[in-house]
Amino acid sequence: MRSMGRTDLPVAQREALRKAIRWEWFTIGYTSVTIVLIALVVGGSQAMKTAWIEDMLSLIPQVSFLVALLLIRRPPSRRFPYGLHRAMGVGHLIAGVALLIIGTNLAIESIVGLARAEHPAIGTVRLFGQTIWLGWLMVAVMAVTVVGPFFYGHAKSKLAPPLHNKVLFADADMAKADWTTTVASIVGVLGVGAGQWWLDFAAALFISCGIVWDGWKNTRSAVLDLMDQRARTFDDEEPHPLASRIVAQLERQPWVREASVRIRDMGQVFHVEAFVVPWRGRVRLDRVEAAREGIAKLDWKVQDVVVVPVTSLPEETSSPHGGGKETGP
Amino acid sequence: MRRAVGAVMAVLLAVVVAGCAVQIPSDPRGTLDRVTGGILRVGASPSGELVRVDAGEASGPLADLVEGFARERGAEVDWTVGGEEDLVDGLETGTLDVAIGGMTDATPWSDRVSVTRGYTGIPGAGERAVVLLLPLGENALQSALEAFLDEEVGP
């Protein structure tokens with residue numbers, strides 16, 4: 008039998024992937040410029056420092072997406088019989104945990120700063136023969152860099168669903184919320200300028216809570232997929248509709264009495280185990296094989312499929328007849 | 006939810022900028038306002054040519070600069086002489102407005118007090134980039150002082 012998993016993509020997905028890769032490189036370039044610009048003006052503002060670190064952290068999902076892409080193209084082997092699709096999930100987890108830990112750290116820093124009433128010091132710079140308050144430059148830099156994430160955030164969020172890629176989706180989600188960070192840091196800096204030193208820490212706390220929240224969401228989603236929760240849509244909103252389509256397709260076969268399915272999300276593609284209870288005690292091999300191929304034709308994501316004839320359906324599998332119980336998280 | 010919080014922040018921003026109608030930057034403790042036309046309390050720690058101390062009064066190029074700054078602000082200088090750590094304590098507790106001495110831009114006090122940019126053009130400073138210390142986060146005072154020093158001794 009030829010190899011079961013899939014590492015190539017249909018035309019539409021290949022096109023979406025090409026665009027996604029281009030956007031990821033663009034984002035990395037854009038964010039690097041932002042990081043350098045902020046480094047020049049970061050000064051004594053905790054909000055600016057937090058926004059700066061957030062920018063650095065935002066590179067992790069992009070880098071892990073690009074690295075994972077290199078790995079998941081490899082065909083399944085004896086050593087990795089399911090292929091290397093989980094690389095995407097590992098990258099997702101790394102990004103999530105990094106955000107969670109560093110976000111918590113930054114949140115604690117701003118609370119401590121607030122409690123100790125450390126007034127942020129923002130001095131001046133000498134620019135073109137003028138002495139300018141550094142805060143104005145901070146505001147200018149943040150105002151200039153606010154536009155980028157709008158463009159690449161929306162572009163990526165359109166590409167995530169056709170690719171069923173959660174890393175890309177999470178990345179786009181964070182980019183779309185990035186303007187709140189920018190606005191918060193501007194509020195913090197202007198607050199310091201107006202003598203309201205606490206606004207700087209309040210803004211920093213707001214930004215770090217955003218980082219923690221992103222980290223929590225990503226870590227949770229990555230862990231649930233790595234623990235093989237049943238496959239859900241790219242945004243984790245609902246169980247993936249492919250499950251019921253596969254069951255319906257199987258139950259249309261005249262030799263099948265009932266069917267159910269167990270699907271895990273491997274990152275970009277699914278691994279499907281379908282269980283069928285035949286009407287009779289004997290099943291012809293070519294029918295099982297045909298059922299397998301029928302499922303594989305349903306969608307590009309479901310190429311790694313096994314069809315198992317059984318006497319009764321396992322309880323934890325998804326079927327329209329009450330077998331689809333969902334307990335736990 | 007983040008959208009809503011963002012909007013609240015934007016409103017807050019408008020309130021801060023419009024409502025306060027203050028100069029930016031300004032001092033949380035209002036040091037610059039108090040000093041202007043009043044008394045500038047300066048701590049001095051002796052350092053070679055830069056700051057000489059004699060009978061509770063400081064002199065030397067750096068002390069002269071501070072006197073100049075006070076004059077520009079219409080203020081009298083009230084000198085306190087002490088070691089660096091005493092001066093930093095004074096800035097923290099609010100008994101001093103400025104501290105001078107042989108501190109450079111590598112000063113370890115920067116997490117307790119505000120530190121001006123380093124100035125190399127002060128006579129007697131040699132190769133060092135000399136800084137002045139201020140109460141932490143008194144940004145209007147720092148801006149005014151740095152602007153004065155930029156004019157007097159170059160950036």
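For the protein sequence lines, the chains are A and B, in the order given. Under this note's numbering, the letters of the first sequence match residues 8 to 336, in that order. Under this note's numbering, the letters of the second sequence match residues 6 to 160, in that order. Don't be surprised by glycine CBs; every beta carbon is placed ideally from N, CA and C.
Same chain, Cβ closer than 8 Å to residue i, five either side skipped, listed in chain order
i                 : result
Tyr89 of chain A  : Gly12, Pro83, Met273, His278 and Asp311
Val219 of chain A : Leu106, Leu107, Gly110, Thr111 and Ala114
Thr334 of chain A : Only weak support is given to the placement of Thr334 of chain A: the predicted model assigns it a pLDDT of 48, under 50, and the question is left unresolved by the model.
Pro336 of chain A : Here Pro336 of chain A scores only 45 on pLDDT, less than 50, and its place in the model should not be relied on; the value that follows carries that caveat. These residues qualify, in order along the chain: Leu231 and Gln236.
Glu93 of chain A  : In the sequence on display, residue 93 of chain A carries Arg and not Glu. The residues are Leu233, Met273 and Gly274.
Three-state secondary structure (DSSP) of residue i
i                 : result
Met89 of chain A  : The sequence shown places Tyr at residue 89 of chain A, rather than the Met named in the question. Tyr89 of chain A falls in the coil class under three-state DSSP.
Thr111 of chain A : helix
Gly331 of chain A : Residue placement at Gly331 of chain A is poorly supported in this model, since its pLDDT is 44, which falls under 50; the coordinates still yield a value, given next. Of the three classes helix, strand and coil, the one that applies to Gly331 of chain A here is coil, per DSSP.
Ala49 of chain B  : strand
Leu166 of chain A : helix
Pro113 of chain B : helix
Ile127 of chain B : coil
Pro30 of chain B  : coil
Pro68 of chain A  : helix
Pro173 of chain B : Any question about residue 173 of chain B goes unanswered here, given that chain B covers just 6 to 160.
Glu245 of chain A : coil
Arg21 of chain A  : helix
Val132 of chain A : strand
Glu345 of chain A : In this structure chain A extends from 8 to 336, so residue 345 of chain A is not present and cannot be described.
Asp235 of chain A : coil
Gln256 of chain A : helix
Arg39 of chain B  : helix
Ala104 of chain B : strand
Val168 of chain B : For residue 168 of chain B there is no data in the structure shown, the boundaries of chain B being 6 and 160.
Ser215 of chain B : Past the boundaries of the shown model lies residue 215 of chain B; chain B is included only from 6 to 160, so the question cannot be answered.
Thr98 of chain B  : helix
Sub-7 Å separation of residue i and residue j beta-carbons
i                 : j                 : result
Thr41 of chain A  : Thr111 of chain A : no
Ala266 of chain A : Val283 of chain A : yes
Arg46 of chain B  : Asp91 of chain B  : no
Val40 of chain B  : Ala49 of chain B  : no
Ala191 of chain A : Phe213 of chain A : yes
His171 of chain A : Phe241 of chain A : yes
Ala145 of chain B : Pro33 of chain B  : no
Ile129 of chain A : Leu141 of chain A : yes
Met149 of chain A : Thr189 of chain A : yes
Val118 of chain B : Leu150 of chain B : no
Leu77 of chain A  : Thr38 of chain A  : no
Ser52 of chain B  : Gly107 of chain B : yes
Val295 of chain A : Ile302 of chain A : no
Pro127 of chain A : Val199 of chain A : yes
Leu166 of chain A : Ala23 of chain A  : yes
Ala134 of chain B : Gly123 of chain B : yes
Other residues of its chain near residue i: CB distance less than 7 Å, five sequence neighbours each side excluded
i                 : result
Asn225 of chain A : His99, Ala102, Gly103, Leu106 and Ala177
Thr138 of chain A : Thr131
Glu245 of chain A : Arg239
Asp15 of chain A  : none
Asp306 of chain A : Leu249
Ala27 of chain A  : Lys163, Leu166, Leu170 and Leu175
Close Cβ partners of residue i (< 6 Å) along its chain, the five nearest in sequence each way excluded
i                 : result
Gly222 of chain A : Gly103, Leu106, Leu107 and Gly110
Val263 of chain A : Leu257 and Val283
Glu81 of chain B  : Ile44
Thr57 of chain A  : Leu113, Ala211, Ile214 and Ser215
Gly50 of chain A  : Ile129 and Leu141
Residue-chain proximity (residue i, chain E), Cβ-Cβ < 7 Å
i                : result
Pro30 of chain B : In the structure shown, chain E does not exist; the protein chains are A and B.
Output needed in chain order: residues of the region 198–214 of chain A with a Cβ under 8 Å from some Cβ in chain B. Gly198, Val199, Gly200, Ala201, Gly202, Gln203, Trp204, Leu206, Ala210 and Phe213
Under 7 Å, CB to CB, which of the residues in the region 79–110 of chain B have a partner in chain A? none
Which residues, taken in chain order from the region 135–160 of chain B, show a beta carbon closer than 7 Å to some beta carbon of chain A? Leu141, Gly142, Asn144, Gln147, Ser148, Glu151, Ala152, Asp155 and Pro160
If contact means a Cβ-Cβ distance below 7 Å, which residues of the region 46–75 of chain A contact chain B? none
With a floor of 3 residues, list each beta strand (DSSP E) that falls wholly inside the region 273–312 of chain A, ordered by position along the chain. 277–285
Where the region 126–148 of chain A meets chain B: residues whose CB sits under 7 Å from a CB there: His126, Pro127, Ala128, Ile129, Gly130, Thr131, Arg133, Thr138, Trp140 and Gly142
With 7 Å as the limit, tell me which residues of the region 113–133 of chain B have their beta carbon closer than that to any beta carbon of chain A; keep them in chain order. Ser119, Thr121 and Arg122
Mind pulling the alpha helix (DSSP H) runs of 4 or more residues that sit fully within the region 140–208 of chain A? 141–152, 154–170, 173–183 and 185–200
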